[in-house]
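Visitor: Under my numbering, think of the first position of the sequence shown as 1, with each following residue one higher.
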Amino acid sequence: MTGIKRQLKNIRTLALSLFAGTWLLSTFSSLPEAYYLRLVVAGLLLTTFIGIMFPRQRYVAYCLITGVIGFSFAWYNAQQVLAQQMPLPWEGQDLLVRGLVRDLPEKQLDSVRFLFQVDEVELLKPDKPLRLTWRGQLRISWYTQQALPLEAGETWQFTVRARRPSGFMNAGGFDYEKWLFSQRIHGTAYVRDKPTPQRLAPASALSVSYWRQQISDAIAQALPHQASLGLVQGLAVSARADISDAHWETLRRTGTSHLLAISGLHISLVAALGFLPVWGIWWLFPQLYLYLPVRIASGIAGAGMATCYSLLAGFNIPTQRSLAMILVLLFGLLLRKRLNSTYWLALVLVLIIDPLASLSVGFWLSFGSVGLLGWLLQRRLKPLRWSSIPLQIGISLGLLPLTALFFGSVSLSAPLANLIAIPWVTFVIVPLVLLGMLSWLIHDTVAQGFWQLAAWGLDGLFYLLDNLAAQPWALVNIPNLPLWLLGLIMLGAMLLLAPAGTPARWLGGVLMLPLVLWQPDKPPVGAFRLSVLDVGQGLASVVQTAHHSLIFDTGIRSSPSFDSGELVLVPWLQAQGIQKLNGLIISHSDNDHSGGAESLLNVFAASNVWVNEAPLLATYQAKLCTAGQTWEWDGVRFTFLHPNAAYQMPKRNNRSCVLKVQNAQHSLLLMADIERHAEAYLLDEAADLRAEVMLVPHHGSKTSSSPAFLQAIQPTLAIVSTGYGNRFHHPHPSTVKRYQAYGIDWLDTVDSGTISVDFSHDSEPFSVQRYRIEQRHFWNR
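Laid out in structure tokens, this is it:
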């Protein structure tokens, strides 16, 4: 027994030390230079020597050595990914790329998005094309009104405009750059019309991509226009383009999104189904026991089926991790090893396959849930017939800190929803989908029957889940919590889950109170804060006082899948603990300023809505912003300076709302897209333009920010909201130089992410925070 415990301790130490080393790299804002890494390796050699010479310190040396190996391995992989990113000088250039469509295309009504493995690339210069050496993966968008024949596994040639991985940087928002990095995607691009895209070769019938595409198309033909089509495709071949927004929202609110991922749960089920035919064959032919034990044969069959299913699911990095984990657990089961040891071996194997795994949310949730399950099972919950209920509650409680950290919300309906959904999807829906896939090879009609049954089963499940999701308590939004507080909450969850009789178990409930009590800091009375969010080529900003919040513009809505209100503003407001809006101003009707308003108002009620023209947001009883309107919140005054009834300029940019915010010591000027004509009008009206901080009008275009206007404002800081590599080339270089000539500090959301400016209630100077700079990691642009 002592030997087993020592062996288990060694495996656990190896796994945890390796994990600690790989995770440590993710905390770095930039990758260490190779010179420093050599110093670390030298320290590793010294540690090894100490471990040999001083046996009592061998355990510590062992941990340090494994941790350094993990850190170095992760550093090497990260360095390789960054080195393979698309070269910066190619941005904005026409590139002729040839390569392979790697994954199932995500087809929409007017576009298709797909992963493209570039094998050859040419720079299309006016004089002659220049062949370049680069191989990498691009995430390409192709916008067209025509039906697109693009399929997985085909070889194509496109002319594209590409750029390096880039995304928005806002608190509570999705880190797109991190996701691209973790998926080894080296750039994004869109297809140009000329030269015309060409299919160079069809998909090979021997490729996995070909069969994934065929199965996806067969399901689409079997379930035309059915609500559950995307769900069945997702469970079969991990194709999720046809899953509706309503389904995703239900999954999110009920904490069941993991059921649509090809996870370890589904792969383990497929492996278990692989046991059945082997057991049947060995039962019919007992002489086979003389050659191979049924336990070994069924394990090999199960591993083979799990691997095939993972390949059909796309065999992306998350699927590879799930398969590795299942194969190790299966191997340990066949050798009759302890669950604990196989769990730690699975962690080691996953980190070897993907040393950057700690960047993935799925990695934390999968190993966290399996670890919690093993720990809870050791408590031998009774009575057995009810054990699934406390197990589900225990796993949900133990994962609360992780879900709050990664998603900014906690699903209170998740324990009940998963208690119903997990067995139903695992033991009914997934087998029906798999039987459909197997029978499709023999007869289409039989396959359609299985897939139709699966679709009906999902319809029934979502009837229940939709009712759960509709409850007001189904999902609770959690503001941004400091890491130290999340650690205390994790400790509280572990105390609550500890066996009965554990000392101070009640303290767990106290430690978890910050989940419902914590609130981010707000400005004191008399002070205010401006936050200009990173929404690309548009504007979305928030002004906060002690007890009030005002939105000034809501960013762009470029497509049904990209809405700044839904993707940026709502998560940011929830991360700040804001539950209602006291005011919303839409400066004018341009989409890059008003596009996110509807989705924002669907989540947050606004007490006051102002627009610059009557048709905007008419259903919300919006008022017109008119020069001279003023009000006060928490000792802070708000005043509209523009437009007024006498101003008749037809160009809507020049009729944008202009708002001044001020207290006794500080002032702020918010402008949208006004140009020189409106600027001159404000000067003629002798408006009170003086302000310390200003939003640069019209994103810094050369048609705005006249010298006389800047002299009237006399700002200390100018903030401009633009998109990375935008097609308007904002801000214009001449405009930037003009601000610099007047000694005005300049900040851009492209380089800074969210820009927050705190104005005190007294004479203290304002302070500035730049989210992209302060929260930067080595994978960020």
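In this text, a Cβ means the ideal position worked out from N, Cα and C, and glycines have one as well. The structure displayed is predicted, hence computed values, not measured ones.
(1) Rounded to the nearest angstrom, what separates H777 and P355 at their Cα positions?
(2) Use the C-beta contact count for E764: other C-beta atoms within 10 angstroms, 16 or more gives buried, fewer gives exposed.
(3) Cα-Cα, which of L351, L347 and L31 is closest to V370?
(4) Relative to the C-alpha of I744, which residue among V696, S752 and W506 is closest?
(5) Shortest alpha-carbon distance to P401 belongs to which of S752, N477 and L464?
(6) Could you check whether the stretch 423-438 touches the stretch 200-208, counting it as contact only if at least three pairs of C-beta atoms, one from each stretch, sit closer than 8 Å?
(7) Between V525 and G635, which are expected to be in contact by the criterion C-beta below 8 Å, what is the C-beta distance as a whole number of angstroms?
(8) Give the single residue among W75, A272 and I140 whose Cα lies nearest to the Cα of G99.
(9) According to DSSP, is G255 helix, strand or coil?
(10) Taking G787 as part of the alpha helix (DSSP H), name the residues at either end of that continuous run.
(11) What residues are listed by DSSP as bridge partners for F174?
(12) What number of angstroms, rounded off, separates the C-alpha of G368 from the C-alpha of L399?
(13) Which residues in the same chain have their Cβ closer than 6 Å to the Cβ of F562, if we skip the five residues on either side of it in sequence?
(14) Determine the DSSP secondary structure at W440, reduced to helix, strand or coil.
(15) Can you tell me which of Y724, I219 and F638 puts its alpha carbon nearest to the alpha carbon of W451?
(16) So M490 is in the alpha helix (DSSP H); what residue range does that whole segment cover?
(17) Mind checking K651: buried by the 16 CB within 10 Å criterion, or exposed?
(18) Closest by CA to D762, which one among Y724, Q662 and N726?
(19) Distance, Cα to Cα, Y190 vs Y143?
(20) For A687 and S599, what's the separation of their Cα atoms in angstroms?
(21) Extract the residue ranges of the alpha helix (DSSP H) inside the stretch 572-633, only unbroken runs of 4 or more that lie entirely within it.
(22) Which residues bound the beta strand (DSSP E) around Y647?
(23) From what residue to what residue does the alpha helix (DSSP H) around S734 run?
(24) Identify the continuous alpha helix (DSSP H) that holds F407 and give its terminal residues.
(25) Mind reading off the beta-carbon distance from I267 to S310? Whole number of angstroms is fine, and I expect it under 8 Å.
(26) Distance check for Q108 and Q221, CA to CA, integer angstroms please.
(27) My output table needs one value for Q198: the three-state DSSP class, helix, strand or coil.
(28) Just mark S30 as buried or exposed, buried being the case when its beta carbon has 16 or more other beta carbons within 10 Å.
(29) Output yes or no for whether 8 Å exceeds the beta carbon distance between V757 and W746.
(30) Does DSSP put S541 in a helix, in a strand, or in coil?
(31) Assuming contact is defined by CB atoms lying nearer than 8 Å, are G187 and L138 in contact in what I supplied?
(32) Rounded to the nearest angstrom, how far is the Cβ of I11 from that of S228, given a contact under 8 Å?
(33) Let me know if K660 comes out buried or exposed under the rule of 16 or more other beta-carbons within 10 Å of its beta-carbon.
(34) Pick helix, strand or coil for F640, following the three-state DSSP scheme.
(35) Given a cut-off of 8 Å, decide if R690 and I713 are closer than it, judged by their beta-carbon atoms.
(36) Taking the CB atoms as reference points, tell me whether H666 and E692 lie closer together than 8 Å.
Guide: Based on what the coordinates show:
(1) Locating residue 777 in the sequence shown gives position 777, counting from the first residue. Locating residue 355 in the sequence shown gives position 355, counting from the first residue. Those two C-alpha atoms are separated by around 16 Å.
(2) Translated into positions along the sequence shown, residue 764 becomes position 764. Exposed.
(3) As a working mapping, residue 370 is identified with position 370 in the sequence shown. Cα-wise, what sits closest to V370 is L347.
(4) Residue mapping note: residue 744 aligns to position 744 of the sequence shown, counting from 1. The candidate whose alpha carbon is nearest that of I744 is V696.
(5) Position 401 of the sequence shown, counted from the start, is the residue given in the question as residue 401. Per the Cα distances, N477.
(6) no
(7) Here residue 525 refers to the residue found at position 525 when the sequence shown is read from its first residue. Here residue 635 refers to the residue found at position 635 when the sequence shown is read from its first residue. About 5 Å separates the two Cβ atoms, so the contact holds.
(8) Looking up residue 99 in the sequence shown gives position 99. Among W75, A272 and I140, the Cα nearest to that of G99 belongs to I140.
(9) If you number the sequence shown from 1, residue 255 lands on position 255. Coil at G255, not helix or strand.
(10) This structure gives no information on residue 787, because the portion of the chain shown stretches from 1 to 781.
(11) Here residue 174 refers to the residue found at position 174 when the sequence shown is read from its first residue. According to DSSP, F174 bridges with nothing at all.
(12) Here residue 368 is taken as the residue at index 368 of the sequence shown, counted from 1. Here residue 399 is taken as the residue at index 399 of the sequence shown, counted from 1. Cα to Cα, G368 sits roughly 7 Å from L399.
(13) Residue mapping note: residue 562 aligns to position 562 of the sequence shown, counting from 1. Once the five neighbours on either side are set aside, F562 has no close Cβ partner at all.
(14) Sequence index remark: in the sequence shown, residue 440 carries index 440 (1-based). In this structure, W440 counts as helix in the three-state DSSP scheme.
(15) The residue you call residue 451 lines up with position 451 of the sequence shown. The shortest Cα separation from W451 among Y724, I219 and F638 belongs to I219.
(16) One-based indexing of the sequence shown puts residue 490 at position 490. Taken as a continuous stretch (DSSP letters only), the alpha helix (DSSP H) holding M490 covers L483 to L497.
(17) The residue you call residue 651 lines up with position 651 of the sequence shown. By the neighbour-count rule (16 or more Cβ atoms within 10 Å), K651 is not buried but exposed.
(18) Position 762 of the sequence shown holds residue 762. Nearest C-alpha to D762: Q662.
(19) The sequence position of residue 190 within the sequence shown is 190, counting from 1. The sequence position of residue 143 within the sequence shown is 143, counting from 1. Roughly 8 Å separates the two Cα atoms.
(20) Residue 687 sits at position 687 when you count from the first residue of the sequence shown. Residue 599 sits at position 599 when you count from the first residue of the sequence shown. Computed Cα separation, rounded: 34 Å.
(21) 591-594 and 597-603
(22) Position 647 of the sequence shown holds residue 647. Y647 -> no beta strand (DSSP E), and no H or E assigned at all.
(23) Taking the first residue of the sequence shown as position 1, residue 734 is located at position 734. P733 to A741 is the extent of the alpha helix (DSSP H) around S734.
(24) On the sequence shown, position 407 is the one that residue 407 refers to. Element bounds for F407: L400 to F407.
(25) The residue you call residue 267 lines up with position 267 of the sequence shown. The residue you call residue 310 lines up with position 310 of the sequence shown. Contact holds; Cβ gap of about 6 Å.
(26) Position 221 of the sequence shown, counted from the start, is the residue given in the question as residue 221. Position 108 of the sequence shown, counted from the start, is the residue given in the question as residue 108. Approximately 17 Å between the Cα atoms of the pair.
(27) Along the sequence shown, read from residue 1 onward, the residue named residue 198 stands at position 198. The answer is strand: DSSP assigns Q198 an E or B state.
(28) Residue mapping note: residue 30 aligns to position 30 of the sequence shown, counting from 1. Classification for S30: exposed.
(29) As a working note, residue 757 is residue 757 in the sequence shown. As a working note, residue 746 is residue 746 in the sequence shown. The answer is no: Cβ separation not under 8 Å.
(30) Your numbering for residue 541 matches position 541 in the sequence shown. If DSSP states are grouped into helix, strand and coil, S541 belongs with the strands.
(31) Within the sequence shown, numbered from 1, the residue matching residue 187 stands at position 187. Within the sequence shown, numbered from 1, the residue matching residue 138 stands at position 138. Closer than 8 Å, so yes.
(32) Here residue 11 corresponds to residue number 11 of the sequence shown, with the count starting at 1. Here residue 228 corresponds to residue number 228 of the sequence shown, with the count starting at 1. Wrong, their Cβ atoms sit about 43 Å apart, outside the cutoff.
(33) Indexing the sequence shown from 1 puts residue 660 at position 660. It counts as buried.
(34) Counting from one through the sequence shown, the residue named residue 640 turns up at place 640. Strand at F640.
(35) Position 713 of the sequence shown, counted from the first residue, corresponds to residue 713. Position 690 of the sequence shown, counted from the first residue, corresponds to residue 690. Going by C-beta atoms, I713 is nearer than 8 Å to R690.
(36) Counted from its first residue, the sequence shown places residue 666 at position 666. Counted from its first residue, the sequence shown places residue 692 at position 692. It is a contact, given that the beta carbons lie within the stated cut-off.
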